[in-house]
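Enquirer:
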Amino acid sequence: MTPEALYEHAVTLLARKDYSHGEMRRVLHTMTDDVMTVETALLRLLESGYIDDRRLAENLLSRFLRKEYGPSRIRMEFRQKGIEQGVAESALGDTAADWFAMASESRRKKFGDALPSDPKEKARQMRFLQSRGFTMEMIIEAITPAKD
1 MTPEALYEHA VTLLARKDYS HGEMRRVLHT MTDDVMTVET ALLRLLESGY IDDRRLAENL
61 LSRFLRKEYG PSRIRMEFRQ KGIEQGVAES ALGDTAADWF AMASESRRKK FGDALPSDPK
121 EKARQMRFLQ SRGFTMEMII EAITPAKD
């Protein structure tokens, strides 16, 4: 496959959804074994602005915040999308999210206003918040009564 054909195919793919640099590299390598052809196409996509990991990270972060994912889950999702750790941490650092409030709100939406009283229910709610990607510190604050 020529670099031009590979580039055009990549643009077609990007018209449907955003890809990170790492994801696009994996996709293009499935189409040809020629490393130089893939790298040439990737460089052209980067120069054209079709691939922008920072923009993708910001868009994904916005979506994940709407889904009320915690920072650990968001980092995992970024890794799976092939977004570099530095870009991911920068996007997370730029957000004004109140993770503690988000954990409490997420718990309240799922389980109601009443805080868990028995250990079994407490463990259930903790597992839920953990699966959402909140840290243990955030989880404990979300399931513990506020001290006045």
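Going by UniProt numbering, the first residue of the sequence shown is number 1, and it counts up by one from there.
Don't be surprised by glycine CBs; every beta carbon is placed ideally from N, CA and C.
Bear in mind the structure is a predicted one, so any value in this text is a computation, not a measurement.
#1: Cβ of F100 within 7 Å of Cβ of E141?
#2: Taking L14 as the reference, give the member of T40, S48, V35, D34 with the closest Cα.
#3: If you drop the 5 nearest sequence neighbours on each side, which residues of the same chain put their C-beta closer than 7 Å to that of T32?
#4: Does DSSP put D18 in a helix, a strand or coil?
#5: Put P116 into one of helix, strand or coil per three-state DSSP.
#6: Any contact of the segment 78–88 with the segment 21–36, i.e. 3+ C-beta pairs under 8 Å?
#7: Can you grab the Cα-Cα spacing for the pair R108 / F128, in whole Å?
#8: Distance check for K147 and A10, CA to CA, integer angstroms please.
#9: In angstroms with no decimal places, state the Cα-to-Cα distance between T144 and L115.
#10: By Cβ distance, which residues of its chain are closer than 8 Å to T95, with the 5 residues on each side in sequence left out?
Expert: If we stick to the structure as given:
#1: Along the sequence shown, read from residue 1 onward, the residue named residue 100 stands at position 100. Along the sequence shown, read from residue 1 onward, the residue named residue 141 stands at position 141. Closer than 7 Å, so yes.
#2: Translated into positions along the sequence shown, residue 14 becomes position 14. It is S48 whose Cα lies nearest to the Cα of L14.
#3: Counting from one through the sequence shown, the residue named residue 32 turns up at place 32. Hits under 7 Å: M1, L6, V38.
#4: Sequence index remark: in the sequence shown, residue 18 carries index 18 (1-based). Here D18 sits in coil by DSSP.
#5: Counting from 1 along the sequence shown, the entry for residue 116 is found at position 116. Under the three-state reduction of DSSP, P116 is assigned to coil, being neither helix nor strand.
#6: yes
#7: Taking the sequence shown and counting its residues from 1, the one referred to as residue 108 is at position 108. Taking the sequence shown and counting its residues from 1, the one referred to as residue 128 is at position 128. Going from the Cα of R108 to the Cα of F128 covers about 12 Å.
#8: As a first step, residue 10 must be located in the sequence shown, where it is residue number 10. As a first step, residue 147 must be located in the sequence shown, where it is residue number 147. Those two C-alpha atoms are separated by around 55 Å.
#9: Position 144 of the sequence shown holds residue 144. Position 115 of the sequence shown holds residue 115. Going from the Cα of T144 to the Cα of L115 covers about 7 Å.
#10: For the purposes of this step, residue 95 is taken as residue 95 along the sequence shown, with counting starting at 1. Answer for T95: L61, L65, listed in chain order.
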